[in-house]
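Chains as they are written, first to last, in UniProt numbering: chain A, 1 to 156; chain B, 1 to 156. Beta carbons are placed, not taken as given, at the ideal position from N, Cα and C, and that holds for glycine. From a predicted model like this one, the values you see are computed outputs, not experimental measurements. Worksheet: the structure to be examined is printed underneath.
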DNA sequence: TCTCAATAAAGAAAATTTTTCTGTTAAATG
DNA sequence: CATTTAACAGAAAAATTTTCTTTATTGAGA
């Protein structure tokens, strides 16, 4: 039920490098393959590990624009909220979408080819939604750090 | 040099599921294992694929707080910029950090256990930096969409 | 048109990894 | 002190990755 130090070390290693072999992991932590194998299967089954993915370099495939878009809705009624969230999910330009506390309702991370595509996205995909009040955009000049790994504190 | 349709389909498949086997990929695209293998190796070598990672469920390991922090510096002189970026990188609470265009200088995605930890992070790690002028925080109520996959348009 | 070279893909064998299975050790419990 | 259970080790089996050899296909130039 509760993760021990070994589990946390495995999680941490795999979120840095998902291609580590059982052998490599076992070696680095002074165990045989079996316990490492069984722990990984447990972490996967219990969904501590949500999935494994390849991270693609967006600029190398021509996605020059990464931006955050804040969205404010006209109404915070339950059906409005649900409608917006349902419509945002299938938009592939939207890599991330968060329901926010405070001045904005949603914050979206948007990835597109160029400014032209961004403009089309906002005008044709966001602004057409029924209950959108405001959209503000902030553009990223440079990626300083882009980690997918959740901070895991390993006591030693 | 330029990626063709098959390369894009492989990239797209692997950024959804990094554990797909060559056999599965080959089968789904009507090819044998060899061309799939060679294309993947090419995509890795050329860094179209930056890395493979396991995605960990932050809440399941007790990270209840995910927030964005905007940072404004007191000065935009080159050395100040570089100093800030150098100091942010090793902070493991900071999963992402972007240099922004416009009103804020940096936007950080921060992940910690609880509000207490967030407060300590801002006060002890951010506010102690030499050239920080302002820090504003926005807290996430709910994750609506959290994709790591770059939108890839596959013509068909 | 023919030949040659280059590219892409197929198929099979070798190497490595994952997965399963069996047995051992150690800790904990009654 | 005996017994049960959990964690681990080691080896065998199954599957996957990697390498190697061969076959088509295409395009350029003689």
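Identify the contact partners of residue 42(B) in chain A, using a Cβ-Cβ distance below 7 Å as the criterion. The premise fails here: residue 42(B) is roughly 12 Å from chain A at the closest Cβ pair, so nothing lies under 7 Å.
Taking the beta strand (DSSP E) that residue 134(A) belongs to, which residues open and close that run? 132-146
Taking C-beta to C-beta, are residue 15(A) and residue 53(B) nearer than 8 Å? yes
Straight-line Cα distance separating residue 19(A) from residue 112(A): 28 Å
Between the Cα of residue 49(B) and those of 13(B), 117(B) and 124(B), spot the shortest distance and give me the residue it belongs to. 13(B)
DSSP three-state label for residue 162(A), please. Residue coverage of chain A in this structure runs from 1 to 156, which leaves residue 162(A) outside it and unanswerable.
Consider the Cβ of residue 65(B): report whether some Cβ of chain A lies at a distance smaller than 8 Å. no
Using the C-alpha atoms, what's the distance from residue 66(B) back to residue 122(B)? 13 Å
Close beta carbons around residue 23(A), own chain, < 7 Å, minus the five adjacent residues each side: 33
Residue from 126(A), 40(A) and 31(A) with nearest C-alpha to residue 90(A): 126(A)
Taking one C-beta from the region 61-79 of chain B and one from the region 125-142 of chain B each time, how about it: are there three or more such pairs within less than 8 Å? yes
So which residues on chain B does residue 61(A) lean against when the C-beta distance must stay under 9 Å? 3, 8, 11, 48, 150 and 152
Per DSSP, residue 67(A) forms a beta bridge with which residues? 110(A) and 139(A)
Looking at chain B, is there any beta carbon in it that lies within less than 8 Å of the beta carbon of residue 17(A)? yes
Is there a Cβ of chain A sitting closer than 8 Å to that of residue 146(B), yes or no? yes
Within this structure, are the beta carbons of residue 68(A) and residue 107(B) separated by less than 8 Å? yes
So for residue 3(B), helix, strand or coil by DSSP? coil
Taking a contact to mean a Cβ-Cβ separation below 8 Å, would you say residue 8(B) touches residue 154(B) in this structure? yes
Would you mind telling me which residues of chain B sit closer than 8 Å to residue 101(A), beta carbon to beta carbon, in chain order? 138, 139, 140 and 141
At which residues does the alpha helix (DSSP H) containing residue 117(B) begin and terminate? 115-120
Please give the ranges of any alpha helix (DSSP H) in the region 19-98 of chain A, keeping only runs that are unbroken, at least 4 residues long and fully inside the region. 22-28, 33-45 and 78-88
Once the 5 residues before and after residue 136(A) are set aside, which same chain residues still bring their CB inside 6 Å of it? 70
Given a threshold of 16 other Cβ atoms within 10 Å of its Cβ, counted over all protein chains shown, does residue 39(A) qualify as buried or as exposed? buried
How big is the Cα-Cα spacing for residue 56(A) and residue 21(B)? 18 Å
Under 9 Å Cβ-Cβ, which residues of chain B neighbour residue 82(A)? The premise fails here: residue 82(A) is roughly 11 Å from chain B at the closest Cβ pair, so nothing lies under 9 Å.
Report the option in 11(A), 103(A), 139(A) and 87(A) whose CA atom is closest to the CA atom of residue 43(A). 11(A)
Bridge partners of residue 104(B), per DSSP? Residue 104(B) is not bridged to any residue.
Could you check what DSSP says for residue 17(A) in three-state terms: helix, strand or coil? coil
Under the rule that 16 or more other beta-carbon atoms within 10 Å means buried, what is residue 82(B), buried or exposed? exposed
When we look at the beta-carbon of residue 58(A) and count the other beta-carbons within 10 Å, is it buried (16 or more) or exposed? buried
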